[in-house]
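*Asks:*
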Amino acid sequence: MVAPGPGTTNAMADRAPAACIVGWPVKHSRSPVIHSHWIRQYGLTGEYRREAVAPEAVADFFANLAARGYVGCNVTLPHKEAALAASEPDDRARAVGAANTLWLDGGRLCSTNTDVEGFTANLDAAAPNWELGRDEAVVLGAGGSARAVIYGLLEREIGAIHVVNRSAERAEELRRRFGVAVQPAQWSALPHLLSRAGLLINTTSLGMAGQPSLQVDLSPLRGDGIVVDLVYVPLETRLLAAARARGLATADGLGMLLHQAVRGFQQWFGTRPEVTPELRAVVEADLAGTKE
Ligand code: NDP
21 MVAPGPGTTN AMADRAPAAC IVGWPVKHSR SPVIHSHWIR QYGLTGEYRR
71 EAVAPEAVAD FFANLAARGY VGCNVTLPHK EAALAASEPD DRARAVGAAN
121 TLWLDGGRLC STNTDVEGFT ANLDAAAPNW ELGRDEAVVL GAGGSARAVI
171 YGLLEREIGA IHVVNRSAER AEELRRRFGV AVQPAQWSAL PHLLSRAGLL
221 INTTSLGMAG QPSLQVDLSP LRGDGIVVDL VYVPLETRLL AAARARGLAT
271 ADGLGMLLHQ AVRGFQQWFG TRPEVTPELR AVVEADLAGT KE
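Taking my numbering, the leading residue of the sequence shown gets 21, the next gets one more, and so forth.
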């Protein structure tokens, strides 16, 4: 159980801890499925709710989180920058420029960006020791999730991160943000870059249901290459299917989504949860629109 901070009332201290996902809209979020499963699995008394909060109301929502009965929250679009501004971010959230997990520590509202550890923990699980002998990576995309991925790669001391994006200026912006390890590149350079890098990560929305497909020829990738796709609808993207057909190691977007949820649950409910095949099956069933 999370100890109530000074901002919490005695009445609140008697209540089961509650957390929520804050977004606008929020009904698409899978976070309640993940956290509710863990609450049941660990036999905890706690609650995890959805909170649809409009942009003009979100600063007030964060400022009054404790008074609303929450020990913390997850944050999704479009509120991740507002969450950063409303809280005391750690190095990851500050570097990425967005916060997605908030918790009360005494009277302080702290935040982090768990997409960073979601990315690296998922890769650790799918391809243990993936960093060994791999000093270069190719990142497709330069949006919000690319920032978290790049920070994760830098934490693991990957020396060269080639960022290939439709809008060259956004890749340049990432070089200014993260430094010279980030090397903006053209799509036409992909075959050459893949032959060197051995790690390809798609952070674009290409290949997602309803979006154009992602066309990448994986044949130049090294035989020990690893392919990561952040897209999780569909679960198996064409990129991942093509990688598996070549016998390459892969890490999928659902794995990242599950791993990024661990830290928040631990902060709010006091138990570090595990990402298990059972959890994955529950969320897969939800994504497929089926009942558990
Ligand atoms: P952003 O909107 O911040 O970035 C989108 C990126 O996709 C940009 O680089 C954009 O390029 C590129 N892109 C979009 N459409 C096209 C196109 N038609 N042709 C070429 N490039 C295109 O999104 P996010 O970074 O937040 O999310 C990206 C994907 O990652 C989504 O599918 C999201 O669901 C997934 N995601 C998964 C997570 C997980 O836990 N598995 C976590 C976070 C995100 P440009 O800059 O040129 O517009």
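Each residue gets a CB set at the ideal place from its N, CA and C atoms; glycine is no exception.
Give me, in chain order, the residues of the same chain whose beta-carbon lies closer than 8 Å to that of A31; leave out the 5 immediate sequence neighbours on both sides.
*Replies:* Mapped onto the sequence shown, residue 31 falls at position 11. Confidence is the limiting factor: at A31 the pLDDT is only 41, short of 50, which leaves the residue's position unreliable, though a coordinate-based value still follows. Within the same chain, A31 has no close Cβ partners at all.
*Asks:* Which residue's Cα is closest to the Cα of G164: A113, Q206, L213, L174?
*Replies:* Position 144 of the sequence shown, counted from the start, is the residue given in the question as residue 164. Nearest option by C-alpha distance: A113.
*Asks:* Measure the C-alpha to C-alpha separation of F139 and W150 and round it to an integer number of angstroms.
*Replies:* The count along the sequence shown starts at 1 and reaches residue 139 at position 119. The count along the sequence shown starts at 1 and reaches residue 150 at position 130. Approximately 12 Å, taken between the alpha carbons.
*Asks:* Please state whether DSSP places T223 in a helix, a strand or coil.
*Replies:* Counting from 1 along the sequence shown, the entry for residue 223 is found at position 203. Of the three classes helix, strand and coil, the one that applies to T223 here is coil, per DSSP.
*Asks:* I'd like to know whether the C-beta atoms of S20 and A281 end up nearer to each other than 8 Å.
*Replies:* Limits of the chain in this structure are 21 at one end and 312 at the other, which puts residue 20 out of reach.
*Asks:* Write down every uninterrupted run of the alpha helix (DSSP H) in the segment 214-266 whose length is 4 residues or greater and which is fully enclosed by it, in chain order.
*Replies:* Here the runs fully enclosed are 258-265.
*Asks:* DSSP has S165 in a bridge; who is on the other side?
*Replies:* One-based indexing of the sequence shown puts residue 165 at position 145. S165 pairs with nothing; no bridge assigned.
*Asks:* Measuring only the C-alpha atoms, how far is A229 from Q61?
*Replies:* The count along the sequence shown starts at 1 and reaches residue 229 at position 209. The count along the sequence shown starts at 1 and reaches residue 61 at position 41. Roughly 31 Å between the two C-alpha positions.
*Asks:* Where DSSP assigns a beta bridge to E71, which residues make up the other side?
*Replies:* Translated into positions along the sequence shown, residue 71 becomes position 51. Paired residue(s): V42.
*Asks:* When DSSP builds the beta bridges, which residues end up paired with V184?
*Replies:* For the purposes of this step, residue 184 is taken as residue 164 along the sequence shown, with counting starting at 1. Partner(s): L160, A205.
*Asks:* In chain order, what residues of the same chain lie with their CB nearer than 6 Å to the CB of A162, ignoring the 5 residues before and after it?
*Replies:* Sequence index remark: in the sequence shown, residue 162 carries index 142 (1-based). V183, N185, R190, A191, L194.
*Asks:* On the three-state DSSP scale, how would you describe L307?
*Replies:* Taking the sequence shown and counting its residues from 1, the one referred to as residue 307 is at position 287. It is helical.
*Asks:* Return yes when the Cβ of A271 is within less than 8 Å of the Cβ of A146, no when it is not.
*Replies:* Here residue 146 corresponds to residue number 126 of the sequence shown, with the count starting at 1. Here residue 271 corresponds to residue number 251 of the sequence shown, with the count starting at 1. Going by C-beta atoms, A146 is nearer than 8 Å to A271.
*Asks:* Determine, using beta carbons only, whether P240 and P211 come nearer to each other than 8 Å.
*Replies:* In the sequence shown, residue 240 corresponds to position 220, counting from 1. In the sequence shown, residue 211 corresponds to position 191, counting from 1. Contact: yes.
*Asks:* So does the segment 238-257 actually touch the segment 209-225, counting three or more Cβ pairs closer than 8 Å?
*Replies:* Contact holds: three or more Cβ-Cβ distances are below 8 Å.
*Asks:* For A115 versus K100, is the C-beta distance shorter than 8 Å?
*Replies:* Position 95 of the sequence shown, counted from the first residue, corresponds to residue 115. Position 80 of the sequence shown, counted from the first residue, corresponds to residue 100. No.
*Asks:* Evaluate T28 with the Cβ neighbour count: other Cβ atoms within 10 Å of its Cβ, from every protein chain shown; 16 or more gives buried, anything less gives exposed.
*Replies:* For the purposes of this step, residue 28 is taken as the residue at position 8 of the sequence shown. Per-residue confidence for T28 stands at a pLDDT of 41, beneath the threshold of 50, marking its modelled position as unreliable; the derived number appears in the next sentence. When all chains shown are included, T28 counts as buried.
*Asks:* Relative to the alpha-carbon of V295, which residue among N222, M276, A86 has its alpha-carbon at the smallest distance?
*Replies:* Here residue 295 is taken as the residue at index 275 of the sequence shown, counted from 1. For V295, the nearest C-alpha among the options comes from M276.
*Asks:* Can you tell me where the alpha helix (DSSP H) with R114 in it begins and where it stops?
*Replies:* Counting from 1 along the sequence shown, the entry for residue 114 is found at position 94. Residues 111-116.
*Asks:* Secondary structure at W123, three-state DSSP: helix, strand or coil?
*Replies:* Within the sequence shown, numbered from 1, the residue matching residue 123 stands at position 103. W123: strand per DSSP, three-state reduction.
*Asks:* Just checking T257 against the ligand NDP - is the residue's beta carbon closer than 7 Å to any of the ligand's heavy atoms?
*Replies:* As a working mapping, residue 257 is identified with position 237 in the sequence shown. No, since every heavy atom of the ligand NDP falls outside the 7 Å radius drawn around the Cβ of T257.
*Asks:* Near A23, which residues of its chain fall below 6 Å by C-beta distance, leaving aside the five closest residues on each side in sequence?
*Replies:* Within the sequence shown, residue 23 is the residue found at index 3, counting from 1. Any reading at A23 must be qualified, since the residue scores a pLDDT of 39, below 50, and its modelled position is unreliable; no value is offered.
*Asks:* Might you give, ordered along the chain, the residues of its own chain that have their beta carbon closer than 6 Å to the beta carbon of T291, omitting 5 neighbours on each side?
*Replies:* Along the sequence shown, one-based indexing puts residue 291 at 271. Closer than 6 Å at the Cβ level, and outside the excluded window around T291, lie Y62.
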